[in-house]
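Each residue of the sequence shown is one higher than the one before, starting from 827 at the first, in our numbering.
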Amino acid sequence: MAQPLIERYREYLPIEPGEPIVSINEGSTPLIEAPRVSDRVGARVLLKFEGLNPTGSFKDRGMTVAVSKALSEGAEAVICASTGNTAASAAAYAARAGLTGAVIVPQGKIAVGKLAQSLIYGARVIALDGNFDDALVLVRHLADNFPIQLVNSVNPYRIEGQKTAAFEVIEELGGPPDALAIPVGNAGNVTAYWKGFTEWDTAPLLYGFQASGAAPLVTGEPVDRPETVASAIRIGRPARGDEALAAFEESGGRVRAITDEQIIEAYRFLASEEGVFCEPSSAASVAGLFVHGIEPDGDRAAPGTIVCVLTGNGLKDPDTALASTPGVIECSTDPTEVEEAVFGDRSD
Ligand code: F0G
């Protein structure tokens, strides 16, 4: 049975003996071989499927630590800005801890499953007439002025929890991969992986990928109106952007952009060729390898083993799946029509 993440990695986490632990048995996610992706990129590629966490994304790793700490420090409420996954995770861990949860999300811009999760876990869900970056400014203001704990990844406990994914990868492979490919939004996760890798004296190449309509780290400029089908990474002013850029540089890796079409192509490829259904944003890690190749900049050797982080579960965003596939074949009960429906030609 999966152990609570804090128990598994207690010695590396800032949780004191006797402190309360708020856990839904997060972490210990599988590292899945991806033979068809491997063929396409010319290296061994494995998928760290974070979509199998309790709320369906990697956020649960950071949230178990952040909400445990909030509880132990006497907080009564937690708040976050979110493109959807942090909201769902904060709502679940707040529920588990008996705390009030409030989440601020960009109105009409988060996947329907994430909205449903946040609501059913019992959070107060505020749909903001603004984007994620606006929401983050507002929750920082609230946390500074009211007794409510901020659980975005600007909270250092989130990074502490999320770094454990790097530990799991190292343990499972018996050493670090040569490279890690990862989608980048607010830049907390890549910062956390880098912390985890360096704490265990390893330094794989980091390949980060942003959607081209929301790629401030690639262009070097904040984006006022970020736009992408990958709604989870629709972020124009990443809070941990500077740390992420330093990590890319130190690792010898890079950060690059891919288009929405390239993201959707990788998203469909992962589902239809590997049987792994992740969110569009998660597929950015694989799209980036397909589009930009694996040769590192400079004189480092090309990586032989690459881990792609699949940050969230595809079930969260059924609308994008339905919109990017051919759709159902409607059919009467007439056997001939059924035969035609089952065996007939079908174009994509
Ligand atoms: N993938 C998914 C599925 C995400 O939900 C996020 C971020 C990222 C990648 C990027 O991670 O921000 O640490 O660079 N989602 C946040 C949220 C912003 O509110 O759920 P990052």
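Backbone N, C-alpha and C fix where the C-beta goes; we use that ideal spot for every residue, glycine too. Quick caveat, the model's predicted, so the values are computed rather than measured.
Sequence-distant residues of the same chain with beta carbon closer than 6 Å to residue i, five excluded per side
i	result
V1135	K874, I1008 and S1111
A828	N851 and S854
L962	A907
V1065	The identity of residue 1065 in the sequence shown is Ala, whereas the question assumes Val. Taken in chain order, the residues that qualify are V980 and N1012.
E998	L857
S1107	P1009, A1056, A1058 and I1059
G927	V904, A916, A917, A920 and A949
V1133	L872, K874, V995, P1003 and L1006
Y1093	P1106 and A1109
A1113	I1084, Q1088, I1089 and A1092
A1018	I985, Q988 and K989
Given residue i as reference, the closest of the options once Cα atoms are compared
i	options	result
I1061	Y1033, N1012 and R984	N1012
V938	N1139, S864, V1168 and I905	N1139
L954	E1091, K1142, Y947 and L964	L964
V1154	V1168, A896 and T1162	V1168
N971	E1076, P843, I905 and S1150	I905
I946	V929, N957, K935 and D959	V929
C1104	Q933, W1020, G1078 and T1137	T1137
I1089	A1109, E1053, L1096 and A1005	A1109
E986	V995, Q975, N1015 and P1161	N1015
L976	P1052, R862 and G888	G888
R836	S883, K885 and T890	T890
Q988	T1151, F1095, E876 and D1143	E876
R862	T1151, K895, K1021 and L1096	L1096
P982	L925, E1076 and K1021	K1021
Where residue i falls, given that 16 or more other Cβ within 10 Å makes a residue buried
i	result
G1101	exposed
R1172	exposed
V1050	A small fix is needed here, since residue 1050 is Asp in this sequence, not Val. D1050 comes out exposed.
C1157	exposed
T881	buried
V867	buried
D1027	exposed
E842	exposed
L839	buried
G1000	exposed
F1070	Reading off the sequence shown, one finds Ala at residue 1070, where the question assumed Phe. Result: buried.
G1124	exposed
In DSSP terms, what residue i is bridged to
i	result
R1080	Y1033
L1136	F875
R950	A928
R870	T1131
I905	A928 and L976
L1006	L1032 and V1133
Inter-residue Cα distance where the pair is residue i and residue j
i	j	result
A1225	V931	Residue 1225 is absent from the model: the chain starts at 827 and stops at 1174.
P846	E1025	25 Å
S1098	A860	12 Å
A918	L878	15 Å
D1068	G1170	54 Å
F1116	G900	47 Å
D959	N978	12 Å
Y1033	G1130	14 Å
P973	E1087	43 Å
A1072	K885	22 Å
S1163	K935	It should be pointed out that residue 1163 corresponds to Glu in this sequence rather than to Ser. Using only the alpha carbons, I get a separation of about 40 Å.
Q1149	D1143	It should be pointed out that residue 1149 corresponds to Ala in this sequence rather than to Gln. Whole-angstrom Cα-Cα distance: 10 Å.
H967	S944	22 Å
E902	A969	12 Å
E1165	N911	42 Å
A1127	F1074	16 Å
Nonlocal neighbours in the same chain, by C-beta distance under 7 Å from residue i, ignoring five residues either side
i	result
Q1036	V1010, L1043, V1044, I1059, V1081 and A1083
A923	V848, V893 and L897
F1023	A992, P1002, A1029 and P1030
P1048	P1042, G1062 and R1063
H1118	R1082
Beta-carbon proximity list for residue i, same chain, < 8 Å, skipping 5 on both sides
i	result
S1145	The question names Ser, but residue 1145 is Asp in the sequence shown. Correct list, in chain order: A937 and V938.
S864	R870 and V871
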